[in-house]
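A quick write-up on the structure given underneath.
There are 2 protein chains.
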Amino acid sequence: MTASSDTGEPIFGTLAVIGIGNLGSSVARAVRKYGAVKRVIAADLSADALNRARELRLADAYVEQPSKAVAEADIVVLCTPLGAFGAIAQAMAPHLKPGAVITDVGSVKGAVIAAAGPHIPAGVAFVPGHPIAGTEKSGPDAGSSDLFVGRYWILTPDETTDRAAVEKVTALWTRCGALVEEMKADYHDKVLAVTSHLPHLIAYTIVGTAFDLEGQEQQDVIRFSAGGFRDFTRIAGSSPIMWRDIFLNNREAVLEMLQRFSEDLTYLQRAIRWGEGDKLQELFTRTREVRHSVIEAKQDKPFPEGGNGK
Amino acid sequence: MTASSDTGEPIFGTLAVIGIGNLGSSVARAVRKYGAVKRVIAADLSADALNRARELRLADAYVEQPSKAVAEADIVVLCTPLGAFGAIAQAMAPHLKPGAVITDVGSVKGAVIAAAGPHIPAGVAFVPGHPIAGTEKSGPDAGSSDLFVGRYWILTPDETTDRAAVEKVTALWTRCGALVEEMKADYHDKVLAVTSHLPHLIAYTIVGTAFDLEGQEQQDVIRFSAGGFRDFTRIAGSSPIMWRDIFLNNREAVLEMLQRFSEDLTYLQRAIRWGEGDKLQELFTRTREVRHSVIEAKQDKPFPEGGNGK
Numbered sequence: 001m002t003a004s005s006d007t008g009e010p011i012f013g014t015l016a017v018i019g020i021g022n023l024g025s026s027v028a029r030a031v032r033k034y035g036a037v038k039r040v041i042a043a044d045l046s047a048d049a050l051n052r053a054r055e056l057r058l059a060d061a062y063v064e065q066p067s068k069a070v071a072e073a074d075i076v077v078l079c080t081p082l083g084a085f086g087a088i089a090q091a092m093a094p095h096l097k098p099g100a101v102i103t104d105v106g107s108v109k110g111a112v113i114a115a116a117g118p119h120i121p122a123g124v125a126f127v128p129g130h131p132i133a134g135t136e137k138s139g140p141d142a143g144s145s146d147l148f149v150g151r152y153w154i155l156t157p158d159e160t161t162d163r164a165a166v167e168k169v170t171a172l173w174t175r176c177g178a179l180v181e182e183m184k185a186d187y188h189d190k191v192l193a194v195t196s197h198l199p200h201l202i203a204y205t206i207v208g209t210a211f212d213l214e215g216q217e218q219q220d221v222i223r224f225s226a227g228g229f230r231d232f233t234r235i236a237g238s239s240p241i242m243w244r245d246i247f248l249n250n251r252e253a254v255l256e257m258l259q260r261f262s263e264d265l266t267y268l269q270r271a272i273r274w275g276e277g278d279k280l281q282e283l284f285t286r287t288r289e290v291r292h293s294v295i296e297a298k299q300d301k302p303f304p305e306g307g308n309g310k
Numbered sequence: 001m002t003a004s005s006d007t008g009e010p011i012f013g014t015l016a017v018i019g020i021g022n023l024g025s026s027v028a029r030a031v032r033k034y035g036a037v038k039r040v041i042a043a044d045l046s047a048d049a050l051n052r053a054r055e056l057r058l059a060d061a062y063v064e065q066p067s068k069a070v071a072e073a074d075i076v077v078l079c080t081p082l083g084a085f086g087a088i089a090q091a092m093a094p095h096l097k098p099g100a101v102i103t104d105v106g107s108v109k110g111a112v113i114a115a116a117g118p119h120i121p122a123g124v125a126f127v128p129g130h131p132i133a134g135t136e137k138s139g140p141d142a143g144s145s146d147l148f149v150g151r152y153w154i155l156t157p158d159e160t161t162d163r164a165a166v167e168k169v170t171a172l173w174t175r176c177g178a179l180v181e182e183m184k185a186d187y188h189d190k191v192l193a194v195t196s197h198l199p200h201l202i203a204y205t206i207v208g209t210a211f212d213l214e215g216q217e218q219q220d221v222i223r224f225s226a227g228g229f230r231d232f233t234r235i236a237g238s239s240p241i242m243w244r245d246i247f248l249n250n251r252e253a254v255l256e257m258l259q260r261f262s263e264d265l266t267y268l269q270r271a272i273r274w275g276e277g278d279k280l281q282e283l284f285t286r287t288r289e290v291r292h293s294v295i296e297a298k299q300d301k302p303f304p305e306g307g308n309g310k
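Each protein sequence line maps, in turn, to chains A and B. Note that the working numbering gives residue 48 to position 48 of the first sequence, counting from 1, and the numbers run on in steps of one. Note that the working numbering gives residue 256 to position 256 of the second sequence, counting from 1, and the numbers run on in steps of one.
See the structure below:
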């Protein structure tokens with residue numbers, strides 16, 4: 001932890017947040033609430049999102065083009081869908097301030113590093129990151145200043161990354177309440193394939209399966225959704241473009257986990273067909289332990305106790 | 001709606017609840033809070049559960065054996081796991097009061113009717129039922145008097161069921177805040193296979209898949225569970241025996257829906273492998289509409305606005 005994170009001094013001067021949706025607006029809210037930077041510039045190619053951010057007074061300045069936002073920025077936080085990272089990095093590269101730090105909140109790290117990394121000029125540090133936090137809602141209204149409190153925020157620098165920049169980014173998100181950890185990009189992508197990408201893929205699938213039922217049945221699936229389906233519709237209500245990009249950019253890890261999942265599902269399918277109740281009960285007892293572990297790790301609620309304010 | 005449901009008079013005299021877990025204790029709490037019966041007898045073969053129910057003062061009397069509980073009961077509500085229904089119906093049959101009504105909260109209706117129905121003596125009405133409500137927690141402490149407020153409660157009588165009994169059971173659960181609907185047992189089982197049984201099966205599977213990862217990866221799956229996996233662990237924390245019984249008793253409908261789900265998952269798997277982002281985005285956009293429908297139907301939260309008290 002740096003001195004500035006102890007004393008409460010701002011850790012960076014000007015922060016530019018590129019993309020002011022759920023995560024981007026949460027970053028803007030959090031760094032201001034916790035005094036982590038002196039000034040926030042919000043950039044978003046959507047005029048609607050930018051206007052809404054202005055109405056919500058989320059930043060000190062508002063621009064459409066990322067290239068305009070970064071000229072004065074000491075830290076740039078990429079919060080757009082993953083698919084845009086390469087083009088944005090390329091567009092903003094000539095305008096970056098020497099000594100600036102770039103980081104991001106993308107859910108896949110290997111592909112992001114490959115897409116954005118080559119465009120980052122010498123003298124600018126790139127510290128890839130990913131907060132394990134968020135909700136299914138989209139847009140500037142969906143953010144929260146406490147979204148990161150008690151949540152893990154993973155950084156995936158490699159041996160070439162400037163250590164001073166990593167320390168400052170660590171201090172920045174620690175100030176916002178996050179538990180910052182470092183790991184290798186490919187390990188991150190593998191773990192997240194299980195904890196986030198596969199759950200989303202499956203939720204999207206089952207909601208689609210239900211959607212394809214006919215007439216009355218489809219209506220009743222909605223009406224009687226409180227028995228478990230409800231939770232899947234929540235997950236499957238997440239941003240379509242953000243999630244399209246995640247699957248396309250973490251293809252190998254997702255396909256590998258999906259293969260394991262399919263094998264396990266076939267095992268249960270067979271147990272149901274042949275009435276093997278002991279196999280079902282044995283698995284359901286083991287999975288219950290996992291739930292207890294999640295509760296012990298205090299990762300069972302969307303927001304920490306008492307904190308959900310904007 | 002009967003007169004008694006309008007006037008606030010109790011709808012039944014003595015209610016016996018068989019099984020005082022999450023749903024059974026919610027039934028006991030609800031009928032007392034809303035003055036739907038005069039007296040509640042709780043039965044549970046688990047001495048621990050029964051003692052806890054006594055400490056919580058959930059009922060007016062407490063007995064271990066279902067056969068002891070039903071002698072004075074005007075209405076009997078079966079709230080045990082499904083697998084016990086046949087044996088319980090058989091054991092209590094000789095002790096039932098003439099004119100009594102039996103109902104249940106089982107998540108499968110066809111198999112329950114087949115198992116319990118033949119044991120019900122002449123002069124006693126059997127009205128199969130299922131509230132689309134509940135949480136993943138188990139035991140007498142987990143219940144809530146408002147669990148059924150704003151939730152659907154499905155009854156599946158057939159053409160032989162006594163209509164007066166159906167009306168009284170309808171009035172009972174309406175008084176507790178539920179939206180009571182009638183449908184055919186096999187239709188119920190098919191819809192619930194999609195909205196509840198398949199989501200649980202899939203949640204159990206994915207949590208099991210994650211559990212089988214090795215060492216550090218398994219730990220990190222817990223620590224970084226906030227990205228979607230968390231919700232699956234909640235569902236997969238449900239009672240193992242209750243859910244074993246549901247799958248074994250709704251085998252055909254679950255296997256049919258599982259087949260459709262697997263086809264749809266294979267379609268998405270192929271789209272990811274071949275980088276077909278348009279197919280992913282198209283599905284994710286459709287599923288988002290389903291989420292909006294669930295919110296419009298006010299089925300998106302575990303408890304209705306403001307109500308979650310015991």
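Ideal Cβ placement from N, Cα and C applies to all residues, glycine included.
Beta-ladder partner(s) of residue i, from DSSP
| i | result |
| --- | --- |
| Val-37/B | Phe-12/B |
| Gly-129/B | Leu-155/B |
| Val-105/A | According to DSSP, which records beta bridges pairwise, Val-105/A is partnered with nothing at all. |
| Gln-18/B | This sequence places Ile at residue 18/B; Gln is not what is there. Answer by DSSP bridge pairing, in chain order: Ala-43/B and Leu-78/B. |
| Val-180/A | Trp-153/A |
Chain-ordered neighbours of residue i on chain A, where CB pairs are closer than 9 Å
| i | result |
| --- | --- |
| Phe-12/B | Residues of chain A passing the Cβ test: none, with the nearest at roughly 26 Å. |
| Glu-217/B | Tyr-187, Lys-190, Val-191 and Val-194 |
| Leu-147/B | Correct list: empty, because the minimum Cβ distance to chain A is about 10 Å. |
| Thr-209/B | Val-194, Leu-198, Met-257, Arg-260, Phe-261, Glu-263, Asp-264 and Leu-265 |
Partner residues on chain A for residue i, Cβ-Cβ distance less than 8 Å
| i | result |
| --- | --- |
| Gly-367/B | Here chain B has residues from 1 to 310 only, and residue 367/B is not among them. |
| Leu-15/B | Correct list: empty, because the minimum Cβ distance to chain A is about 24 Å. |
| Pro-157/B | Simply none; closest approach about 18 Å. |
| Val-254/B | Ile-272 |
| Val-275/B | The sequence given here has Gly at residue 275/B, not Val. Neighbours of Gly-275/B on chain A, chain order: Leu-248 and Arg-251. |
| Ile-235/B | Gly-228 and Asp-231 |
| Tyr-34/B | Ordered by position in chain A, no residue passes the 8 Å Cβ test against Tyr-34/B, which lies about 20 Å from the chain. |
When the options are compared against residue i, the one with the closest alpha-carbon
| i | options | result |
| --- | --- | --- |
| Gly-8/B | Tyr-34/B, Lys-301/B, Asn-22/B and Thr-14/B | Tyr-34/B |
| Phe-12/A | Ile-20/A, Asn-22/A, Ile-41/A and Ser-26/A | Ile-41/A |
| Pro-81/B | Arg-291/B, Thr-195/B, Lys-109/B and Met-183/B | Lys-109/B |
| Gly-24/B | Ser-138/B, Ile-113/B and Asn-249/B | Ser-138/B |
| Ala-311/B | Asp-146/B, Ser-145/B, Leu-96/B and Ala-133/B | The structure shown has nothing for residue 311/B, since chain B only spans 1 to 310. |
| Ile-113/A | Glu-64/A, Pro-140/A, Gly-83/A and Pro-98/A | Gly-83/A |
| Ala-115/A | Arg-270/A, Glu-289/A, Glu-136/A and Asn-250/A | Asn-250/A |
| Ala-142/B | Leu-280/B, Leu-198/B, Ser-239/B and Ala-125/B | Ser-239/B |
| Met-183/A | Ala-165/A, Asp-162/A and His-130/A | His-130/A |
| Val-149/A | Ser-67/A, Ser-26/A and Thr-14/A | Ser-26/A |
| Gln-299/B | Phe-211/B, Thr-285/B and Ala-178/B | Ala-178/B |
| Asp-146/A | Phe-85/A, Arg-39/A, Tyr-187/A and Asn-22/A | Asn-22/A |
| Ser-46/A | Trp-153/A, Leu-198/A and Gly-19/A | Gly-19/A |
| Ala-185/A | Phe-211/A, Thr-156/A, His-197/A and Cys-176/A | Thr-156/A |
Listed by chain order, chain B residues near residue i by CB distance under 9 Å
| i | result |
| --- | --- |
| Trp-243/A | Leu-280, Gln-281 and Phe-284 |
| Ile-18/A | What Ile-18/A touches in chain B: nothing, since even the nearest Cβ is about 21 Å away. |
Contacts of residue i in chain B (Cβ-Cβ under 8 Å)
| i | result |
| --- | --- |
| Leu-23/A | The premise fails here: Leu-23/A is roughly 12 Å from chain B at the closest Cβ pair, so nothing lies under 8 Å. |
| Leu-82/A | The premise fails here: Leu-82/A is roughly 11 Å from chain B at the closest Cβ pair, so nothing lies under 8 Å. |
Contact list for residue i against chain B, beta-carbon separation under 7 Å
| i | result |
| --- | --- |
| Thr-205/A | Phe-261, Asp-264, Leu-265 and Leu-268 |
| Pro-240/A | Gln-281, Phe-284, Thr-285 and Arg-288 |
| Ser-293/A | Ile-222 |
| Arg-230/A | Val-294, Gln-299 and Asp-300 |
| Leu-45/A | Per Cβ cutoff of 7 Å: no residues; Leu-45/A is ~18 Å from chain B at best. |
| Ile-41/A | The premise fails here: Ile-41/A is roughly 28 Å from chain B at the closest Cβ pair, so nothing lies under 7 Å. |
Proximal residues of chain A, C-beta to C-beta of residue i below 7 Å
| i | result |
| --- | --- |
| Gly-227/B | Ile-132, Leu-192, Thr-195 and Ser-196 |
| Tyr-152/B | Arg-223 and Phe-224 |
| Leu-96/B | Those within 7 Å of Leu-96/B in chain A number zero; the least Cβ separation is about 29 Å. |
Checklist entry - Can you give, in chain order, each stretch of the beta strand (DSSP E) that sits fully within the stretch 48-78 of chain B and has at least 3 residues? => result 61-63 and 75-78
Item to check | Cβ pair count under 8 Å reaching 3, the stretch 52-59 of chain B against the stretch 73-81 of chain B | outcome: no
Checklist entry - If you pair each beta-carbon of the stretch 196-214 of chain A with each one of the stretch 168-178 of chain B, do three or more pairs fall below 8 Å? => result no
Checklist entry - Curious, which full-length alpha helix (DSSP H) runs of at least 4 residues does the stretch 240-267 of chain A contain? => result 240-249
Item to check | Touching by the beta-carbon criterion (3+ pairs, under 8 Å), the stretch 214-222 of chain B and the stretch 184-192 of chain A | outcome: yes
Checklist entry - With contact counted as at least three CB pairs below 8 Å, one residue from each stretch, are the stretch 224-236 of chain B and the stretch 248-266 of chain B in contact? => result no
Next on the checklist: Does the contact criterion of 3 or more C-beta pairs under 8 Å hold for the stretch 234-252 of chain A versus the stretch 280-293 of chain B?
Outcome noted: yes
Checklist entry - Which runs of the alpha helix (DSSP H) spanning at least 4 residues fall entirely within the stretch 165-219 of chain B, listed in chain order? => result 185-192 and 198-211
Next on the checklist: For the stretch 56-64 of chain A against the stretch 85-96 of chain A, do three or more pairs of beta-carbon atoms, one drawn from each stretch, fall closer than 8 Å, so that the two count as touching?
Outcome noted: no
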